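Report on one structure; see the data block that follows.
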Amino acid sequence: MTRQGDAGAKAARGIVRQRSRSGLADVAHKGSEAPRVEAASVAALATSADPWRDFLVPKTGANFLAGWLALTAGRLSDCRAAVLLLQGESGVLGFAAGWHLDDTVQTLAGKLAARLAQRPEPLIEKAGQDTLIGYPLEQGGHPVAVAVFVLSRDPGTGLRPLLREIHWAAGWLDARLWQGQAATGIERADSAKLVLDLLAAANEHQRFDGAALALVNAIPEMTGFDTAALGMVQGRGVRLEALSRDAGFTAKARLTRAVEAAMAEAMDQSAPVGFPERPDGRQMITLAHAALARELGAALILSVPLLVEGRAEGVLTVAKSPQPGQSLALDPSAVEDLRLAAAAIGPGLKTRLQERRWISGRGRALAGRAATAVLGRRPTLSLAALAGVAAIAALILVPADLRVHADATLKGATQRSILAPQQGFIAEANVKAGDAVSAGTVLARLDDRELRVQLAAAQARLAKAEQDWRTASAAGKRSEAAIASTALDEANAALSLVEAQLARLTITAPQSGLVISGDLRQRIGAPVSPGDQLFEIASTGQYRLFIDVSEYDLELVRPGQTGQVTFSGLASHSLPFTVATIASVSDPGAGENRFRVEADIDPVEGLRPGLTGTAKIDTGSAWLAWVLLRGTAVRLWFWSWRMLP
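So the sequence shown is numbered by this note's numbering: it starts at 37 and just counts up by one.
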């Protein structure tokens, strides 16, 4: 296991940069969160037909992983299956390679790998007759790979040599991962150099036309593409501004239209668009790019928007034609390089283009020179003074509506309180706050067991009194009959009283409306006393609006004035109202007295008693300055009157 060379470096680079194309999870550990395990089909995992060739001279990162796993598993006694999982950029452990793997073994290995991700240390576990050995590989204190080996029997005392063999084999995988990260760092340095070189080529020219032409001519020399074109956004489309190795492209109308259509396609999607599309990449619309490829006879077309503050200001399009017998594929690293270059070059090109255009560039410069001639070289103070004068004039001369703002509460036109008729215990509760009820609806019942006993006793006394009266009357005993008659009347009265008390134990709604307070469901069996408020019912269909106006604004409010109110529960609607009456007594509020103003409001759908909001009463008009400062001015005047002798 010593020959690695350039092929090994490329394979290592593929492990780090091309995990998603190898069927691996494209993730990276985030903080201390343990990686999850991403499912994959057995058929999708990399396997090795020639482990030594795949290990020593791998074509891809997946080949190296499969070769390493097959060689390591083959050196372990009684090993019948193995699987390797790698971590990508979002923290998911993905199945990367397998050896003699089936769905059952993959499921067991996935569960073991999930536990290893939580606690990265070698783990041995029994699964029926099999023994599973899990070995994590860490970098930076976090697991980046997990290998699981399935043994057909318990290794017993041979476990320590097996773990030592796995440990030494894991060193090759660890080294390859570090080698891939180093290769990625070199590629990033190359990308940065490319961006700086292209930026320098464009910055050699002060005018837009020269910078654009220098840029598109430098791209083929530095990237290997055959053709480069630059377009800038104009209206709702893209206008071709420069084409490499051709300063007179405007005569080629057909080619110009094809290039501009491809650029517009990338601008509309605000993302790089390549043709042909990668099968594992993001699905994009590529109709115009396919047409441009046919027009140029190119195998690869790539368009990258020039984004400035998140908005596409232009598009950079490149193309490459194949050599005879050559097949080309779009390299993701090339896409990323051009995207970075576009992000760096875009702002400068936009500025030069604005300077070239008459209205937005030269016209702006002429306007600036004219302002300098009028206001001087340092116009800040002059402009500030003019702005101050204009603001004061607006405050003095501009009229505005004068309104009184106050808190408002909506209530029903009639509001009834339901009280406990007598002492007793709550036996039944049928409604709660928020329920709509009709007149006569049973709201609650009190316990009637004691009164039922009294009713039976009263009925017995009545029966006895009737019997005594009949006996005395039949015997002709007038005095005894008179006494019995009096007792009979008393028994009837006692019975009527008990029946009336029983009837009052059933509490009904006195009117139709909405229950706005009262919920006895949590008080079943609790005692109540006569006069205790059980429910409160507000009528619906007609409402009263109560507005709490500050004493400082009371002089502005008059009956008949109109206004608008917005409730918190109906914030999208402003409802009109008319002031009806003003209370003669105040209600102390938070630091000041408030007077309750009652207003009429038309019922609309959605209104419910208890809604709160803000009311604005129209009280006339005044200067804008007075509208803004009136509240403060009134309070200051009153305070000064109190303080001055």
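Here a beta-carbon is modelled for each residue, glycine too, at the ideal position from N, C-alpha and C. The structure displayed is predicted, hence computed values, not measured ones.
Where residue i and residue j are concerned, what is the direct C-alpha to C-alpha distance, given to the nearest angstrom?
i, j, result
"Leu680", "Val670", "15 Å"
"Gln537", "Gly470", "29 Å"
"Lys513", "Thr522", "14 Å"
"Ala378", "Pro341", "7 Å"
"Leu279", "Leu235", "17 Å"
"Leu352", "Gln359", "24 Å"
"Ser188", "Val128", "29 Å"
"Leu531", "Ala472", "36 Å"
"Thr167", "Leu121", "18 Å"
"Val182", "Leu159", "11 Å"
"Gln242", "Val371", "28 Å"
"Gln390", "Gly384", "10 Å"
"Ser474", "Val489", "32 Å"
"Val585", "Gly646", "18 Å"
"Gly267", "Asp373", "19 Å"
"Lys356", "His325", "13 Å"
"Ala238", "Ala247", "4 Å"
"Trp662", "Asp654", "15 Å"
Where does residue i land, buried or exposed, given buried means 16+ other C-beta within 10 angstroms?
i, result
"His203", "exposed"
"Glu301", "buried"
"Trp505", "buried"
"Glu69", "With a pLDDT of 42 at Glu69, under the threshold of 50, the predicted position of this residue should be treated as unreliable, and no value is reported."
"Thr322", "buried"
"Ala85", "exposed"
"Ala429", "exposed"
"Arg39", "In this prediction, Arg39 scores a pLDDT of 33, lower than 50, which makes its location untrustworthy; the coordinate-derived value is nonetheless stated afterwards. Burial call: exposed."
"Gly382", "buried"
"Ile31", "A query on residue 31 cannot be resolved here, the shown segment of the chain reaching from 37 to 681 and no further."
"Gly656", "exposed"
"Pro684", "The requested residue 684 is not part of the displayed model; the chain covers only 37 to 681."
"Leu251", "buried"
"Phe674", "exposed"
"Gln142", "buried"
"Ile432", "exposed"
"Ala427", "exposed"
"Ala289", "exposed"
Since I believe residue j is in contact with residue i (beta carbons under 8 Å), could you give me their beta-carbon distance rounded to a whole number of angstroms?
i, j, result
"Thr450", "Gln547", "7 Å"
"Gly567", "Val601", "That belief does not hold up - the Cβ atoms of Gly567 and Val601 are roughly 35 Å apart, past 8 Å."
"Leu487", "Ile462", "Rounded, the Cβ-Cβ distance is 15 Å, inconsistent with contact."
"Phe613", "Gly599", "6 Å"
"Leu479", "Thr544", "6 Å"
"Ala692", "Val269", "The requested residue 692 is not part of the displayed model; the chain covers only 37 to 681."
"Leu491", "Glu535", "7 Å"
"Ala442", "Ile637", "Actually they are not in contact, since the Cβ atoms of Ala442 and Ile637 sit about 14 Å apart, beyond 8 Å."
"Ala265", "Leu249", "Actually they are not in contact, since the Cβ atoms of Ala265 and Leu249 sit about 11 Å apart, beyond 8 Å."
Could you pull the DSSP bridge partners for residue i from this structure?
i, result
"Leu168", "Glu161 and Val186"
"Gly246", "Answer by DSSP bridge pairing: none, since Gly246 is not bridged."
"Lys652", "His441 and Gln600"
"Arg632", "Asp584"
"Lys356", "Leu336"
"Met268", "Arg275 and Gly350"
"Phe571", "Ile454"
"Trp135", "Ala118"
"Pro639", "None; Pro639 has no bridge partner."
"Val712", "Residue 712 lies beyond the residue range present for the chain, which begins at 37 and ends at 681; the question has no answer from this structure."
"Ala436", "Ala658"
With distance defined between alpha-carbon atoms, name the residue in the options nearest to residue i.
i, options, result
"Ala619", "Val633, Gly192 and Glu345", "Val633"
"Thr542", "Thr576, Gly476, Ala501 and Ile552", "Gly476"
"Ala607", "Val184, Glu591, Gly146 and Ala651", "Ala651"
"Ile519", "Leu592, Glu502, Leu550 and Glu535", "Glu502"
"Ser553", "Ser565, Ala562 and Ser575", "Ser575"
"Ala329", "Ala298, Leu343, Asp304 and Gln305", "Ala298"
"Arg594", "Ile160, Asp138, Val440 and Arg116", "Val440"
"Val309", "Ala420, Leu199, Leu276 and Pro368", "Pro368"
"Gln305", "Asp373, Lys468 and Gly346", "Gly346"
"Phe603", "Thr445, Lys500, Ala480 and Ser676", "Thr445"
"Ala622", "Gly605, Glu587, Leu647 and Pro457", "The sequence shown places Ser at residue 622, rather than the Ala named in the question. The option with the nearest alpha carbon to Ser622 is Glu587."
"Asp210", "Gly192, Ala145, Leu173 and Asp233", "Leu173"
"Ala163", "Glu157, Leu105 and Leu144", "Leu144"
"Arg580", "Gln558, Pro191, Gly448 and Arg678", "Gly448"
"Gln558", "Thr617, Ala510, Gly549 and Ala465", "Ala465"
"Phe131", "Asp114, Asp373, Glu526 and Ala149", "Ala149"
"Arg644", "Gln578, Phe631 and Trp662", "Gln578"
"Gln123", "Leu152, Leu524 and Thr108", "Leu152"
"Lys147", "Pro94, Pro191, Leu195 and Val119", "Val119"
Answer yes or no: does any C-beta atom of chain D fall closer than 7 Å to that of residue i?
i, result
"Ser548", "Looking for chain D here will not work: only one protein chain is present."
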